[in-house]
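Numbering (mature numbering (1 follows the signal peptide of the UniProt record, and there is no 0)), first residue to last: -18 to -1, 1 to 189.
Written out as C-alpha cells, the structure reads:
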C-alpha cells in the first residue's frame, strides 16, 4: 500500500518540470537525478526502478531487490542509488543523451547528460593559466618600471648633493685661504716697521 502511494506521488510530477541537465567532461564521474528533493526515496521501501536511455537502451534496473545492468554497461561502473539516482563512473561521449527514470514500469522523470571532449575542457584551464601568467608578467614589469623610476630619480638627487658638497668645500677652502693670507700679512708688517725703526735709530746715533 505504501509503495503504491509513493509510486502515484512520483507519477504526478510532470516530465517537463523534473527534466534536468548535466554537463561533464570526458572521464569524469556523474550522478544523475531527476526527482524533486521532496520526492526522494530513502531506500527503506522496495520499489522497482529502471534507468534507460531515450533510445530505449537499458542502463540499470532493480526488480524485487535484485539489480542488473544493461548489455552496454556490463563492464562499466554504474550504480542505482537508494534515492534512485544513477551513478556513472568515467563518462564517455557515448553516454550523452536523455536518461529516463521509470518506476514500476512507468516513466517518472528524465534528465539530459552532455559529455564534452577533453580538448573542449582543456581551454578553460589554459585560459586561467594564461590570465595568471599575464597578470604575473604585468606585475613583474610594473615592479621593474618602479625600480627604474626610482633609479632615474635618485641619480639627479645624487648629482645635486655632490655639487652642493663641492661648493661648500670650495667656500670653506677660500675662507681658510683668506684667513691664512691675512695672518701672513699681519705677521709681516710688524717686522718691517721694527726694521725701519732700527735703521732710523742707528742713523741718529751716528750723527
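Glycine included, C-beta positions come from ideal geometry on N, C-alpha and C.
No experiment lies behind these values; they were computed from the predicted model shown.
Alpha-carbon spacing of residue i relative to residue j, whole angstroms
{"i": "residue 62", "j": "residue 104", "result": "31 Å"}
{"i": "residue 198", "j": "residue 2", "result": "Since the first residue of the chain shown is -18 and the last is 189, residue 198 is not available in this structure."}
{"i": "residue 46", "j": "residue 31", "result": "10 Å"}
{"i": "residue 70", "j": "residue 81", "result": "12 Å"}
{"i": "residue 154", "j": "residue 126", "result": "42 Å"}
{"i": "residue 99", "j": "residue 128", "result": "45 Å"}
{"i": "residue 26", "j": "residue 38", "result": "With a pLDDT of 48 at residue 26, under the threshold of 50, the modelled position of this residue cannot be trusted; read the value that follows with caution. So the alpha carbons of these two residues sit roughly 28 Å apart."}
{"i": "residue 52", "j": "residue 36", "result": "14 Å"}
{"i": "residue 156", "j": "residue 168", "result": "18 Å"}
{"i": "residue 152", "j": "residue 161", "result": "14 Å"}
{"i": "residue 55", "j": "residue 89", "result": "21 Å"}
{"i": "residue -6", "j": "residue 44", "result": "The predicted model places residue -6 with a pLDDT of 42, which falls under 50 and marks its position as unreliable; any figure quoted below should be read in that light. The alpha-carbon atoms of residue -6 and residue 44 are separated by roughly 21 Å."}
{"i": "residue 57", "j": "residue 121", "result": "52 Å"}
{"i": "residue 64", "j": "residue 123", "result": "57 Å"}
{"i": "residue 247", "j": "residue 150", "result": "No information on residue 247 is available, as it lies outside the stretch -18 to 189 that the chain covers here."}
{"i": "residue 170", "j": "residue 148", "result": "33 Å"}
Cutoff 8 Å; reference residue i; Cβ partners in own chain excluding five residues on either side
{"i": "residue 4", "result": "12, 14, 93, 94, 95, 96"}
{"i": "residue 227", "result": "Any property of residue 227 remains undetermined from this structure, which presents the chain solely from -18 to 189."}
Own chain partners of residue i with C-beta closer than 6 Å, once the 5 adjacent residues on each side are dropped
{"i": "residue 6", "result": "12, 73, 97"}
{"i": "residue -1", "result": "At residue -1 the pLDDT is 46, less than 50, meaning the model places this residue with poor confidence and gives no usable figure here."}
{"i": "residue 42", "result": "33, 51, 60, 62"}
{"i": "residue 142", "result": "none"}
Span of the beta strand (DSSP E), counted from its first residue to its last, around residue i
{"i": "residue 59", "result": "It is not in any beta strand (DSSP E) - residue 59 carries neither H nor E in the DSSP assignment."}
{"i": "residue 92", "result": "88 to 98"}
{"i": "residue 4", "result": "2 to 7"}
{"i": "residue 31", "result": "31 to 35"}
{"i": "residue 75", "result": "Unbroken run through residue 75: none, as it is neither H nor E."}
{"i": "residue 17", "result": "Here residue 17 belongs to no beta strand (DSSP E), and DSSP marks it neither H nor E."}
{"i": "residue 49", "result": "48 to 51"}
{"i": "residue 68", "result": "68 to 70"}
Nearest candidate by alpha-carbon position, reference residue i, set the options
{"i": "residue 48", "options": "29, 114, 115, 75", "result": "29"}
{"i": "residue 68", "options": "57, 83, 76", "result": "83"}
{"i": "residue 9", "options": "33, 143, 34, 102", "result": "102"}
{"i": "residue 87", "options": "76, 40, 119", "result": "40"}
Proximal residues to residue i (C-beta, below 7 Å), its chain only, five neighbours per side dropped
{"i": "residue 75", "result": "8, 97, 99"}
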